[in-house]
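In what follows, a structure is listed as structure tokens, so that the remarks can point back to it.
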Amino acid sequence: MSTLPPTDTSSLLARLPGVSAATLVVSERSQVSPSLVEVRLSGDVAPLVPQPGNDVMLAVPVEGGDGSFRRRYTVRSFDAAAGVLSLWVDTSAGGPGARWAATAPLGSTIELVGPRGKITLDDMADWHLFIGDLSFVSAAYNLAEAIDPPGQAMFLFEVDDRSDVPTPTLDEGIGVTLGVIERAGRALDDPTGLLAGLASLVLPEDEGHVYVGGELSVVATLKRSLLDLGLSAEQVDAKPYWRLGVSNLAHGEPDKS
Ligand SMILES: Cc1cc2nc3c(=O)[nH]c(=O)nc-3n(C[C@H](O)[C@H](O)[C@H](O)COP(=O)(O)OP(=O)(O)OC[C@H]3O[C@@H](n4cnc5c(N)ncnc54)[C@H](O)[C@@H]3O)c2cc1C
807 MSTLPPTDTS SLLARLPGVS AATLVVSERS QVSPSLVEVR LSGDVAPLVP
857 QPGNDVMLAV PVEGGDGSFR RRYTVRSFDA AAGVLSLWVD TSAGGPGARW
907 AATAPLGSTI ELVGPRGKIT LDDMADWHLF IGDLSFVSAA YNLAEAIDPP
957 GQAMFLFEVD DRSDVPTPTL DEGIGVTLGV IERAGRALDD PTGLLAGLAS
1007 LVLPEDEGHV YVGGELSVVA TLKRSLLDLG LSAEQVDAKP YWRLGVSNLA
1057 HGEPDKS
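Residue numbers (the numbering used here): 807 to 1063.
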């Protein structure tokens, strides 16, 4: 039986090279869309400098109990000079992470470690396709903002309500295609919407890279489909962010067993 590694800060720092700890202040909260909330965290962010697509691992309080769970959120923006980093959190997730993002008092503190994550932008790709649900919008936009002209960014999201997906604003010279599929009552682990969206795309002939994030079984199905389409394993980065009906484990990842 496998034992999960400890999630206290000193254990994390000992086993994750290049990762630092920080305690930041919840300085601002704003609504990006009905279900996406932006949380701005202020303080000494200097040790946390992220690569595009990196995330931070927050110690969010356990409701009604002692201690905390780790929850991972992509760094949506990072400003070392101003000492601010922001997150976009999908508050339709029903656990302590979403609750913290929606309700943590301004002025309260949160402990976190970062930067984390191995998936960053493939600089050699001519086009980039981002596929996932609302929890993946932050990573998709953050990665896409690192594309150099004349690159191409294609987004394919499945959400309950299309008004939840903000329009991407990328540099002039980047080709942008945004596809939003409304879930129309399908279960959150039903991949058919995104599979149909993928089937309707005409992928450019040159070299591309596909990034997938969202519900565990949807991510696994999409990855298989992308490989079946002829993409190589090196061209596909697929990351399960959460699992339907199951809380992420105390270290912030969905249970893959
Ligand atoms: C590397 C990484 C980066 C991530 N970046 C982001 C990000 O930038 N923004 C973001 O919003 N999320 C992001 N996530 C996903 C987020 O960490 C999970 O959704 C997490 O489960 C939320 O924690 P919670 O405490 O609210 O819910 P949990 O306690 O984990 O789960 C409670 C219930 O909510 C359900 N649930 C969890 N997440 C969702 C969801 N997204 N939609 C619907 N139901 C859900 C679970 O199935 C469970 O039934 C990231 C995850 C990883 C691994």
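Cβ coordinates follow ideal geometry from the N, Cα and C atoms, glycine included.
Helix, strand or coil at K1062 [DSSP, three-state]: coil
Pick out whichever of V965, R876, G957, L962 has its Cα sitting closest to the Cα of D977. G957
Taking G981 as part of the alpha helix (DSSP H), name the residues at either end of that continuous run. Counting along the chain, G981 falls outside any alpha helix (DSSP H), though it belongs to the beta strand (DSSP E) covering 981 to 988.
Beta-bridge partners of D885, as assigned by DSSP: V890
Take the Cβ of R1049 as the centre, count every other Cβ of all protein chains shown within 10 Å, and call the residue buried at 16 or more, exposed below. buried
Tell me the residue span of the alpha helix (DSSP H) that contains V1024. 1022 to 1034
If you run the structure through DSSP and keep just helix, strand and coil, what is S833? strand
Local conformation of R992 per DSSP, three classes: coil
With a threshold of 8 Å, are at least 3 pairs of Cβ atoms found where one atom belongs to the region 939 to 952 and the other to the region 889 to 908? yes
Between L962 and G1019, which are expected to be in contact by the criterion C-beta below 8 Å, what is the C-beta distance as a whole number of angstroms? Incorrect: roughly 12 Å between the Cβ atoms, too far for contact.
Could you tell me the alpha carbon to alpha carbon distance between I987 and E964, rounded to whole angstroms? 5 Å
Could you check what DSSP says for K1045 in three-state terms: helix, strand or coil? strand
Just the Cα atoms here: how many angstroms apart are D939 and D966? 9 Å
In angstroms, rounded to a whole number, what distance separates the CA positions of R989 and G901? 21 Å
Considering only residues of the same chain and omitting the five flanking positions on each side of V982, which have a CB-CB separation below 7 Å? A959, P974, L976
Sorted by chain position, which residues of the same chain lie with C-beta nearer than 8 Å to P858's C-beta, five sequence neighbours on each side aside? T926, L927, N948, L949, E951, A952
Sub-8 Å separation of R1093 and E869 beta-carbons: No answer is possible for residue 1093: the residues shown for the chain start at 807 and end at 1063.
Helix, strand or coil: which one does DSSP assign to R818? Just to set this straight, residue 818 is Leu in the shown sequence, not Arg. The answer is helix: DSSP assigns L818 an H, G or I state.
Segments of 3+ residues assigned as beta strand (DSSP E) that fall wholly inside the region 891 to 930: 915 to 922
Cβ of P823 within 7 Å of any heavy atom in ligand 1? no
So what does DSSP say about D801, is it helix, strand or coil? Residue numbering for the chain in the displayed model covers 807 to 1063; residue 801 lies beyond these limits and cannot be assessed.
Kindly examine ligand 2 and report whether one of its heavy atoms sits closer than 7 Å to the Cβ of T880. With respect to small molecules bound, the structure shown includes ligand 1 and not ligand 2.
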